[in-house]
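**Q** One structure, pasted below without further comment.
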Amino acid sequence: MSKRIALGGMLVALAFVFSYIEMLVPLPFGIPGMKLGLANLVVLLCLYSMGAPLAVTVSLVRVLLATFIFGSVSGMLYSLAGAVLSFIGMCLCYRHQHFSPIGVSVLGGVLHNIGQLLVAFALLGMGGVLYYVLPLLCAGAVTGCVIGVVTKILLPHVKQMGGR
Amino acid sequence: MIKRGKRFLKKGDCIVLALVLALCVVFLLGKLFLYPTAHNGMVKITVYGEVYGEFSLLEERELHIEDANGGFNTVHIGDGAVWVSDADCPDGLCVRQGKVSRRGQSVICLPHQLVITVENGQQSDVDL
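In the order they appear, the protein sequences are chains A and E.
Just so you know, we're using the working numbering here: the first sequence kicks off at 1073 and counts up by one.
Just so you know, we're using the working numbering here: the second sequence kicks off at -19 and counts up by one.
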């Protein structure tokens, strides 16, 4: 039990550092919400090797931590919505034999952006949001693919380290 | 490394990617057909959800918008386009979004909850 807690803490720290790295490398399109999704790599690895309860904890704690340290509280709603919607999708699919980490990651990335767009729609109205759906969808899918491939490569090695 | 024996992309993956691609196509088509250039259009600016003002795209204008916490955005209207030339928000994404001129396009500053939208004015024609 304490081993899981310790691993969870380490994974939160890792995801947190990835969030910070993402902030240092802004993508050149200037669209709010477009990012590399590196932290999702940690969530995915945790999901596949240690199960959903720990993975969702890591994800939510990472969002809270990153918001309080790097971001604004008003931005927290966006991140939370994205993370929750993303996790629900990933959790439903990751055990299916027809889904590989790549598909799960793409789903996670796209759902994350959709969650953020829904919050933006609720707060800012349709006019501001509609224009951003297309670039965010594409970015979410592409980064999801890349992160998914990396997950697939790393997974066999991670499972050796003391997951299930 | 990646095992060669198994398929790289499984059936479910392809479904997800196809769905996303379909969504992209839908929004791309919608964007091309619904958002023509709005030379005579109006610019609507909302701050924290409330309308700050509506301005014609034809008149050159510089707006200095401040919010309650002292944050500001400098909005320029000119050459049939609108853009944010300066702002003190932490990410500066609004400035990097550049100029927009097509109806339906927008520039957003999330930290200041500022939304600038190009809307169809009374006089504009629909032209692709």
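Glycine included, every Cβ here is placed at the ideal spot set by N, Cα and C.
Quick check on C69 (chain E) - is its C-beta less than 7 angstroms from some C-beta in chain A?
**A** Cβ-Cβ to chain A under 7 angstroms: no for C69 (chain E).
**Q** Quick one: what's E34 (chain E) bridged to in DSSP?
**A** Its beta-bridge partners are E:K24.
**Q** Using three-state DSSP, classify I45 (chain E) as helix, strand or coil.
**A** Looking at I45 (chain E) - three-state DSSP - the assignment turns out to be strand.
**Q** Short check: CB of V1222 (chain A) to CB of L1117 (chain A), under 7 angstroms?
**A** No, they are not a contact pair.
**Q** Along chain E, in chain order, which residues have C-beta atoms closer than 9 angstroms to that of S1172 (chain A)?
**A** The contacting residues are K(-14), R(-13), F(-12), L(-11), K(-10), G(-8) and D(-7).
**Q** How should N53 (chain E) be labelled, buried or exposed, when 16 other C-beta atoms within 10 angstroms of its C-beta is the threshold for buried?
**A** Buried, since its Cβ has 16 or more Cβ neighbours within 10 Å.
**Q** Considering only C-alpha positions, which residue in the set E:C4, E:I57, E:P70 and E:Q85 is nearest to G1143 (chain A)?
**A** Closest option to G1143 (chain A), Cα to Cα, is E:P70.
**Q** At what residues does the alpha helix (DSSP H) containing I1160 (chain A) begin and finish?
**A** Note, I1160 (chain A): alpha helix (DSSP H), V1145 to C1165.
**Q** DSSP three-state call for R83 (chain E): helix, strand or coil?
**A** Here R83 (chain E) sits in coil by DSSP.
**Q** Check whether the segment 1084 to 1098 of chain A touches the segment 1127 to 1139 of chain A, counting contact only when three or more Cβ pairs, one atom from each stretch, lie closer than 8 angstroms.
**A** Enough Cβ pairs lie closer than 8 angstroms, so yes.
**Q** Report yes if the CB atom of L1086 (chain A) is closer than 7 angstroms to the CB atom of V1114 (chain A), and no otherwise.
**A** Yes, the Cβ-Cβ distance between L1086 (chain A) and V1114 (chain A) is below 7 angstroms.
**Q** Name the chain A residues that come within less than 8 angstroms of L37 (chain E), Cβ to Cβ?
**A** Simply none; closest approach about 15 angstroms.
**Q** Report the rounded CA-to-CA distance for G29 (chain E) versus F7 (chain E), giving the unit in angstroms.
**A** Taking the straight line joining both Cα atoms gives about 24 angstroms.
**Q** Would you mind reading off the limits of the beta strand (DSSP E) that contains I57 (chain E)?
**A** It spans F52 to G58 - the beta strand (DSSP E) in which I57 (chain E) sits, taken as one unbroken run.
**Q** Listing by chain order, which chain A residues have their CB less than 7 angstroms from the CB of K11 (chain E)?
**A** Chain A residues near K11 (chain E): L1206.
**Q** Between the segment 86 to 98 of chain E and the segment 1179 to 1197 of chain A, are three or more C-beta pairs nearer than 8 angstroms?
**A** With the cut-off at 8 angstroms, the segment 86 to 98 of chain E and the segment 1179 to 1197 of chain A touch.
**Q** Let me see if you follow: with CB-CB separation under 7 angstroms, is F7 (chain E) close to chain A or not?
**A** It does: the Cβ of F7 (chain E) has a partner Cβ on chain A nearer than 7 angstroms.
**Q** Identify whether S1172 (chain A) lies in helix, strand or coil by the three-state DSSP scheme.
**A** Here S1172 (chain A) sits in coil by DSSP.
**Q** Does any residue of chain A have a CB that is nearer than 7 angstroms to the CB of V0 (chain E)?
**A** Cβ-Cβ to chain A under 7 angstroms: yes for V0 (chain E).
**Q** Taking the alpha helix (DSSP H) that E1094 (chain A) falls in, what are its first and last residues?
**A** S1074 to L1096 is the span of the alpha helix (DSSP H), which, as asked, contains E1094 (chain A).
**Q** Taking DSSP as the reference, what is the three-state secondary structure of L1226 (chain A)?
**A** L1226 (chain A): helix per DSSP, three-state reduction.
**Q** On a CA-only basis, which of E:S36, E:G50, E:V0 and E:G78 is nearest G60 (chain E)? Give me that one, please.
**A** The shortest Cα separation from G60 (chain E) among E:S36, E:G50, E:V0 and E:G78 belongs to E:S36.
**Q** Roughly how many whole angstroms lie between the Cα atoms of I1103 (chain A) and L1208 (chain A)?
**A** C-alpha separation (whole angstroms): 8 angstroms.
**Q** Please name the residue, chosen from A:L1189, A:P1173 and A:H1168, that lies closest to L1149 (chain A) on a Cα-to-Cα basis.
**A** Among A:L1189, A:P1173 and A:H1168, the Cα nearest to that of L1149 (chain A) belongs to A:L1189.
**Q** At which residues does the beta strand (DSSP E) containing I96 (chain E) begin and terminate?
**A** Residues L94 to E99.
**Q** Report the neighbours of R76 (chain E) on chain A: residues whose CB is nearer than 7 angstroms to its CB, in chain order.
**A** Within chain A, the residues near R76 (chain E) are G1102.
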